[in-house]
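Residue 10 in the UniProt record's numbering is what sits at position 10 of the sequence shown, and the numbering runs on without skipping anything. Glycine included, every Cβ here is placed at the ideal spot set by N, Cα and C. Report on the following structure.
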Amino acid sequence: MDRFDELEVFVAVIQQGSLAGAARLLQRSPPVITRTLNTLEARLATTLIERTTRQLAPTEAGWQLFEQAQRLLSDYQRAVDSAHHSGLHGLLRVTAPVQFGRRHVMPLVNAFLQRHAEMQIEVVLSDSYQDLIENALDIALRIGELQDSSMVARQVGSVRSTLVASPEYLTRAGTPTHPAELAQHAIVTSLRHTREWRFAQDLRVRIAPRLRVNDVESQLEALRSGQGIGRLLSYQVIDDIHDGKLLHLLPEWEPAPLPVQLVTQRVKNMTPKVRQFWDFALEKLPLLPCFAE
């Protein structure tokens with residue numbers, strides 16, 4: 001194995017805190033990670049990481065090598081990137097919520113690829129939380145407050161939590177004029193929704209969903225067909241509201257907007273491809289139609 005590969009494995013093990021985490025990050029098998037670490041320690045004739053069944057702990061020699069290896073690998077990557085004629089090449093991995101990704105991220109990705117012919121991009125669209133480190137992702141679009149304070153984030157917009165229902169349902173069941181009246185209405189939610197909705201002025205309303213589904217499009221289809229009242233993010237319902245398929249309810253009671261944030265692991269040591277996409281997204285995303293219409 002290349003000596004730089006040994007250092008890359010060693011650094012990944014310490015950064016991830018486990019052999020399995022390093023294996024996922026580098027997309028190698030755990031036995032390969034273990035053999036590489038053992039080979040490095042044998043060649044240096046010293047223990048770099050104390051291993052128990054519960055945790056890994058770098059030795060003093062391990063910490064010293066870790067600090068030097070990080071600098072060496074960073075310098076090596078910068079040298080390789082600067083030597084490449086195009087300046088941008090390789091794979092970039094981006095994640096975003098499904099509908100937001102289709103509406104806003106994919107046009108961004110397509111425009112970026114047109115500018116940089118030697119780049120490859122993988123887009124992971126998922127409404128479930130995607131850990132950047134665990135899933136070897138470079139950049140994410142997150143909606144709401146960050147769960148991980150170690151990430152670097154820049155706000156690029158906002159969305160609102162919007163109540164909607166079809167004209168047919170409201171004709172049949174009446175239009176609520178206050179959040180408290182929702183208790184008398186059929187409610188359609190996703191499986192992830194809580195049993196309580198929060199509104200402006202710190203008002204909280206208990207809800208008893210008549211229908212719960214596990215994806216946004218199914219929830220929208222149920223609402224369009226008149227099954228009840230639902231609450232989704234503004235970008236998810238904006239087309240249906242514009243087309244008249246759904247009506248916007250109680251806008252004066254909506255809670256504060258949720259931030260839309262561009263997120264990455266680090267800024268100082270970004271590779272050129274990550275930096276270019278990061279800057280491109282920061283420039284273009286705020287120019288898109290308002291997310292909170």
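For my contact list, residue i and residue j are in at a C-beta cut-off of 8 Å; report their separation, rounded to the angstrom.
| i | j | result |
| --- | --- | --- |
| residue 300 | Leu19 | Any answer about residue 300 is impossible in this case: the structure gives the chain only from 1 up to 293. |
| Lys284 | Leu88 | The Cβ separation is near 17 Å, so there is no contact. |
| Gln249 | Pro176 | Gln is not the amino acid found at residue 249; the sequence shown has Leu there. About 6 Å; that satisfies the 8 Å criterion. |
| Leu26 | Leu73 | 12 Å between Cβ atoms; not a contact. |
| Gly21 | Glu122 | About 20 Å separates the two Cβ atoms, so there is no contact after all. |
| Gly17 | Leu56 | 6 Å |
| Ser166 | Lys245 | 7 Å |
| Val152 | Thr264 | 5 Å |
| Leu282 | Arg103 | The Cβ separation is near 18 Å, so there is no contact. |
Pull up the distance between the alpha-carbon of residue i and that of residue j, whole angstroms please.
| i | j | result |
| --- | --- | --- |
| Glu41 | Thr47 | 6 Å |
| Phe66 | Arg224 | 57 Å |
| Arg266 | Val213 | 36 Å |
| Phe112 | His242 | 29 Å |
| Ala256 | Trp197 | 13 Å |
| Ala222 | Val156 | 31 Å |
| Ala173 | His193 | 23 Å |
| Gln184 | Glu254 | 19 Å |
| Gln276 | Leu262 | 13 Å |
| Val205 | Leu125 | 31 Å |
| Val260 | Gln68 | 37 Å |
| Arg51 | Asp75 | 29 Å |
| Leu247 | Leu182 | 15 Å |
| Arg28 | Pro107 | 32 Å |
| Ser128 | Leu44 | 43 Å |
| Val9 | Phe280 | 31 Å |
| Glu252 | Leu132 | 36 Å |
| Gln114 | Val105 | 14 Å |
| Ile238 | Arg24 | 38 Å |
| Ser86 | Glu118 | Reliability fails at Ser86, whose pLDDT of 49 lies under 50, so the model's placement of it is uncertain and the value that follows must be treated cautiously. Going from the Cα of Ser86 to the Cα of Glu118 covers about 8 Å. |
| Ile33 | Pro286 | 42 Å |
| Leu146 | Ser158 | 14 Å |
| Gln15 | Gln70 | 10 Å |
| Gln130 | Ala136 | 10 Å |
| Ala61 | Asn38 | 15 Å |
| Met270 | Phe4 | 19 Å |
| Leu220 | Ala200 | 24 Å |
| Ile49 | Pro31 | 16 Å |
| Trp63 | Asp138 | 26 Å |
| Gln236 | Leu258 | 14 Å |
| Glu217 | Arg195 | 20 Å |
| Gly101 | Thr59 | 43 Å |
At which residues does the alpha helix (DSSP H) containing residue i begin and terminate?
| i | result |
| --- | --- |
| Pro107 | Met106 to Arg115 |
| Ala173 | Pro167 to Ala173 |
| Ala222 | Val216 to Arg224 |
Along the beta strand (DSSP E) that carries residue i, what are the first and last residues, could you check?
| i | result |
| --- | --- |
| Thr189 | Ile187 to Ser190 |
| Ala140 | Ile139 to Ile143 |
| Arg160 | Element bounds for Arg160: n/a, residue is neither H nor E. |
| Gln120 | Met119 to Leu125 |
| residue 298 | Nothing can be reported for residue 298: it is not among the residues displayed for the chain, which extend from 1 to 293. |
| Glu196 | Glu196 to Arg198 |
| Gly230 | Ile229 to Leu233 |
| Leu211 | Leu211 to Val213 |
| Arg103 | It is not in any beta strand (DSSP E) - Arg103 carries neither H nor E in the DSSP assignment. |
Can you check whether the C-beta of residue i is within less than 8 Å of a C-beta belonging to chain C?
| i | result |
| --- | --- |
| Pro179 | Chain labels in this structure do not include chain C; a single protein chain is all it has. |
The ligand NAD and residue i: does any heavy atom of the ligand fall closer than 7 Å to the residue's C-beta?
| i | result |
| --- | --- |
| Val188 | For the structure depicted, the ligand NAD is absent and the ligand set is empty, with no information on it obtainable. |
Problem - Length-filtered (4 minimum) alpha helix (DSSP H) runs lying within the stretch 244 to 290 - result: 272 to 284
Problem - Meets three-Cβ-pair contact criterion under 8 Å: the stretch 158 to 168 and the stretch 230 to 243 - result: Judged by Cβ distances under 8 Å, the stretch 158 to 168 makes contact with the stretch 230 to 243, as three or more pairs qualify.
Handout entry: At least three beta-carbon pairs within less than 8 Å, the stretch 133 to 144 to the stretch 96 to 103
Key = yes
Exercise for the section: Please specify which runs of the alpha helix (DSSP H), each continuous and at least 4 residues long, are wholly inside the stretch 13 to 81, giving them in chain order. Expected result: 19 to 26 and 30 to 44
Practice task
Indicate whether the contact test is met: 3 or more Cβ pairs, each with one atom in the stretch 202 to 211 and one in the stretch 173 to 188, closer than 8 Å.
Solution key: yes
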